[in-house]
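*Asks:* Per the numbering used here, the sequence shown runs over residues 1 to 307. Heads up, the beta-carbon is just placed ideally off N, CA and C, and yes, glycines get one too. Please read through the structure below; I'll follow up with questions.
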Amino acid sequence: MVAISMTCSLPTLTSSKLPRINRYPGMAFATVNKEGVKVTEGLGNLPKVVLTSSHGSEAELYLYGGCVTSWKVGSKDLLFVRPDAVFNGQKPISGGIPHCFPQFGPGPMQQHGFARNSNWSIVDSENVDGSPVITLELKESPYSRAMWDYSFHALYKITLHEKSLSTELKITNTDNKPFSFTTALHTYFSASVSGASVKGLKGCKTLNKDPDPKNPVEGKEERDVVTYPGFVDCVYLGASNELYLDNGLGDVISIKNTNWPDAVLWNPHLTMEACYKDFVCVENAQIGSVDLEPEKSWVATQQLSVG
1 MVAISMTCSL PTLTSSKLPR INRYPGMAFA TVNKEGVKVT EGLGNLPKVV LTSSHGSEAE
61 LYLYGGCVTS WKVGSKDLLF VRPDAVFNGQ KPISGGIPHC FPQFGPGPMQ QHGFARNSNW
121 SIVDSENVDG SPVITLELKE SPYSRAMWDY SFHALYKITL HEKSLSTELK ITNTDNKPFS
181 FTTALHTYFS ASVSGASVKG LKGCKTLNKD PDPKNPVEGK EERDVVTYPG FVDCVYLGAS
241 NELYLDNGLG DVISIKNTNW PDAVLWNPHL TMEACYKDFV CVENAQIGSV DLEPEKSWVA
301 TQQLSVG
């Protein structure tokens, strides 16, 4: 597993305007002057934000990909970053909570779209009763337009509480024509795969991508408790707005959402032999297309909580 924390050369910036880092053209930093919000250099010299609550919990996220890579309650990191993850600003960060936008899975553009390998910018920060909050944004660029020729505005708000991590994703159509998209939060949780299980999926329509991802088998989930006995890649349509992950390491994590209608369970099993035993993915998703008219917005929230 990649160690995310590191000593860096940038100072802690909590009360003054952050400098622009010219090595990342197009990236802009807003004023970050709230307690518990620190911008620093992460792995590969990529800009990283560290959130620290007054209760001692901590989260880390990279502006590259707008990717949360760590969420610690006490000394335990509840998220997982794969050992093969690269932090070079060229490939998506493999782990944590990557974005899939404006396409989930394969399709006419690159796998999972472009948001997970685009540079996001900080637009706001605050601290509410000891809970730090950071808001990132992503807009169209020549890179995105080469794949998806629309103007858009994505806002991603992350809030760290004592025992929970909340996110709000807002997509606004800033173009003069409608567009459609699919999206997901591809969350990797630290887990013992042999002991991990998910509750809350019974009765869902399933699209099972094992053994053929291109021709998923339709079915219905009959189990109260869903496990990861081998390769797992299954979409759950119309999932509950609260799932419960037992990570097999002594934690039960509530995964609560609004307006994420679907869920995906994934574990690569032997196709990723070096680390598959150490994580599972439970993803909030929008599998069907969202059709968004000009000036209209779509908003979805996720709250991860541990007892």
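What's the gap between the Cα of E242 and the Cα of N259?
*Replies:* Distance between the alpha carbons of E242 and N259 is about 11 Å.
*Asks:* Just list the residues that DSSP pairs Q90 with in beta bridges.
*Replies:* DSSP output for Q90 lists no bridge partner at all.
*Asks:* Looking at C-alpha atoms only, which residue of D175, E293 and M109 is the closest neighbour of A146?
*Replies:* Nearest of D175, E293 and M109 to A146, Cα basis: M109.
*Asks:* Express the C-alpha separation of Y156 and P216 in angstroms, rounding to a whole number.
*Replies:* Those two C-alpha atoms are separated by around 31 Å.
*Asks:* Assuming Q286 and T183 form a contact by the criterion Cβ under 8 Å, report the distance between their Cβ atoms to the nearest whole angstrom.
*Replies:* Contact flag correct, Cβ pair sits at about 5 Å.
*Asks:* Leaving out the 5 sequence neighbours to the left and right, which residues in its chain are closer than 6 Å to F231 when beta-carbon positions are compared?
*Replies:* Closer than 6 Å at the Cβ level, and outside the excluded window around F231, lie D210 and H269.
*Asks:* Comparing alpha-carbon positions, which option in P83, P106 and L79 lies nearest P98?
*Replies:* The residue with the shortest Cα to Cα distance from P98 is L79.
*Asks:* Mind the definition here: the region 191-211 touches the region 244-260 only if three or more C-beta pairs lie below 8 Å; say whether that holds.
*Replies:* Counting Cβ pairs under 8 Å, three or more are found: they touch.
*Asks:* Note down the Cα distance separating W71 from I255, rounded to an integer number of angstroms.
*Replies:* Cα to Cα, the separation comes out at about 14 Å.
*Asks:* Give the list of continuous beta strand (DSSP E) stretches no shorter than 3 residues that lie fully inside the region 182-260.
*Replies:* If we require 3 residues or more, the beta strand (DSSP E) runs fully inside the region 182-260 come out as 188-190, 197-199, 205-208, 217-220, 225-227, 232-237, 242-246 and 252-258.
*Asks:* Measuring only the C-alpha atoms, how far is S305 from N284?
*Replies:* Using only the alpha carbons, I get a separation of about 14 Å.
*Asks:* Grouping DSSP H, G and I as helix and E and B as strand, with all else coil, what is N284?
*Replies:* Strand.
*Asks:* Helix or strand or just coil, what does DSSP make of N361?
*Replies:* The shown model of the chain, from 1 to 307, leaves out residue 361, and the question about it has no answer.
*Asks:* Under 6 Å Cβ to Cβ from L133, same chain only, skipping five residues before and after it: list those, please.
*Replies:* Residue 133 is actually Val in this sequence, not Leu. Cβ within range, chain order: E126 and T159.
*Asks:* Do Y236 and L185 have their beta-carbon atoms positioned less than 8 Å apart in this structure?
*Replies:* Not in contact: L185 and Y236 (Cβ atoms no closer than 8 Å).
*Asks:* Mind checking E222: buried by the 16 CB within 10 Å criterion, or exposed?
*Replies:* Label assigned to E222: exposed.
*Asks:* Who are the near neighbours of G238 in its chain, counting only those whose CB is closer than 8 Å to its CB and skipping five residues on each side?
*Replies:* The residues are C204, K205, P261 and D262.
*Asks:* Under 8 Å between the Cβ atoms of T172 and S297?
*Replies:* Taking 8 Å as the Cβ cut-off, T172 and S297 qualify as a contacting pair.
*Asks:* Once the 5 residues before and after P102 are set aside, which same chain residues still bring their CB inside 6 Å of it?
*Replies:* Excluding sequence neighbours, P102 sits near G113, W148 and F181.
*Asks:* Use the C-beta contact count for V81: other C-beta atoms within 10 angstroms, 16 or more gives buried, fewer gives exposed.
*Replies:* By the neighbour-count rule (16 or more Cβ atoms within 10 Å), V81 is buried.
*Asks:* Run through DSSP, which three-state label would P47 get?
*Replies:* P47: strand per DSSP, three-state reduction.
*Asks:* Taking the alpha helix (DSSP H) that S131 falls in, what are its first and last residues?
*Replies:* From DSSP, S131 is part of no alpha helix (DSSP H) but of the beta strand (DSSP E) over S131 to K139.
*Asks:* Determine, using beta carbons only, whether T69 and L61 come nearer to each other than 8 Å.
*Replies:* Against a cut-off of 8 Å, the Cβ pair of L61 and T69 comes out as a contact.
*Asks:* When we look at the beta-carbon of D233 and count the other beta-carbons within 10 Å, is it buried (16 or more) or exposed?
*Replies:* Flag for D233 reads buried.
*Asks:* On the DSSP letters alone, give me the boundaries of the alpha helix (DSSP H) that Y143 sits inside.
*Replies:* Taken as a continuous stretch (DSSP letters only), the alpha helix (DSSP H) holding Y143 covers P142 to R145.
*Asks:* Count the other C-beta atoms from every protein chain shown that fall within 10 angstroms of the C-beta of V282, then say buried if there are 16 or more, exposed otherwise.
*Replies:* Buried: at least 16 other Cβ atoms inside 10 Å.
*Asks:* Thinking just about the alpha-carbon of each residue, which of D124, E41, E168 and D175 is nearest to the one in K139?
*Replies:* Selected option, being the one with the closest Cα: D175.
*Asks:* How far does the beta strand (DSSP E) with C308 in it reach, from first residue to last?
*Replies:* Outside the shown range of the chain, which is 1 to 307, sits residue 308, and nothing can be said about it.
*Asks:* What does the alpha-carbon distance come out to for the pair N119 and T301?
*Replies:* Looking at the two C-alpha atoms, the distance is approximately 21 Å.
*Asks:* F114 bridges to which residues according to DSSP?
*Replies:* F114 pairs with nothing; no bridge assigned.
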